[in-house]
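**Student:**
Numbering (this note's numbering), first residue to last: 25 to 112.
1) Rounded to whole angstroms, what is the Cα-Cα separation between residue 70 and residue 91?
2) Return the CA-CA distance between residue 63 and residue 86, expressed in angstroms with no decimal places.
3) Tell me the start and end of each unbroken alpha helix (DSSP H) in the region 53 to 77 that is at least 4 residues and wholly inside, in chain order.
4) Residue 25 by DSSP, collapsed to three states: which one?
5) To the nearest angstrom, how far is the alpha carbon of residue 98 from that of residue 104?
6) Where does the unbroken alpha helix (DSSP H) through residue 106 begin, and where does it stop?
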């Protein structure tokens, strides 16, 4: 399995997803599953408790339709792509 975090503004660009998908298709053709993991901000309180800066402080969850769009781009190239995680 391959797992790719989908972080708004970092890894959710369709060109990026297409490039990863083409790499998987061309270089890893036997991969059984590609999980696209929607960004979650569940770690934020832990950073605050530890008085550490949270680099993704202002990043919000992707909307469900945005995550579906990312998945469609991936799935068109790698049919074993799936997505999971919280969305808004």
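Ideal Cβ positions, reconstructed from N, Cα and C, are used throughout, including at glycine.
**Tutor:** Looking at the coordinates:
1) About 25 Å.
2) Their backbone Cα atoms lie some 7 Å apart in a straight line.
3) Listed in chain order, the complete alpha helix (DSSP H) runs (minimum 4 residues) inside the region 53 to 77 are 68 to 73.
4) Three-state result, residue 25: coil.
5) Going by the C-alpha atoms only, they are around 9 Å apart.
6) DSSP places residue 106 outside any alpha helix (DSSP H); the residue lies instead in the beta strand (DSSP E), whose first and last residues are 105 to 108.
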